[in-house]
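Worksheet: the structure to be examined is printed underneath.
Residue numbers (the numbering used here): 7 to 148.
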């Protein structure tokens, strides 16, 4: 299944781009497990790119929800708080997707209880350091 697996990566865009370089490194690892439908989230110019191609907020929402529907798994880096990422996670729960949330406690931030408290059969939350990402992804995606 791995070659045909569709992965939805979620990371903060309008909520703050402090972790864009990290997103890029995570997306590169995810690509070894399948197609990352939302690779653009890791682009340092994602907001400008979307403006330049003239996408409205409605078009962005509808495109992303289509990708989420197509996906087999959602991987979200949740250290930088983001309303959009929270929305995507909620929609993924409703769709019955496997969800992997990654949070870096060393950031000094606190993870939302709505994420840390949602752990279940298809919902996984990891407090992690970057060097642990390969092991976490392999556990769920191999």
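Glycine included, each C-beta is placed from N, C-alpha and C at the ideal position.
Tell me where the beta strand (DSSP E) around residue i begins and ends.
{"i": "residue 117", "result": "Where residue 117 is concerned, there is no enclosing beta strand (DSSP E), given that its DSSP letter is neither H nor E."}
Once the 5 residues before and after residue i are set aside, which same chain residues still bring their CB inside 7 Å of it?
{"i": "residue 12", "result": "40, 41, 43, 76, 77, 78"}
{"i": "residue 22", "result": "86"}
{"i": "residue 113", "result": "85"}
{"i": "residue 91", "result": "16, 17, 18, 82, 84"}
Please name the residue in the options whose C-alpha comes closest to that of residue i.
{"i": "residue 111", "options": "35, 61, 84", "result": "84"}
{"i": "residue 33", "options": "123, 48, 98", "result": "48"}
{"i": "residue 124", "options": "143, 69, 106", "result": "106"}
{"i": "residue 68", "options": "121, 129, 136, 93", "result": "93"}
{"i": "residue 72", "options": "142, 98, 145, 148", "result": "98"}
{"i": "residue 129", "options": "115, 64, 60, 146", "result": "146"}
{"i": "residue 108", "options": "100, 95, 102, 101", "result": "95"}
{"i": "residue 51", "options": "62, 27, 74", "result": "27"}
Considering only residues of the same chain and omitting the five flanking positions on each side of residue i, which have a CB-CB separation below 8 Å?
{"i": "residue 37", "result": "45"}
{"i": "residue 25", "result": "17, 18, 83, 85, 86"}
{"i": "residue 139", "result": "31, 32, 35, 108"}
{"i": "residue 29", "result": "15, 17, 47, 48, 83"}
In the DSSP assignment, what residue or residues form a beta bridge with residue i?
{"i": "residue 41", "result": "12"}
{"i": "residue 105", "result": "80, 129"}
Span of the alpha helix (DSSP H) holding residue i?
{"i": "residue 100", "result": "89-100"}
{"i": "residue 140", "result": "139-147"}
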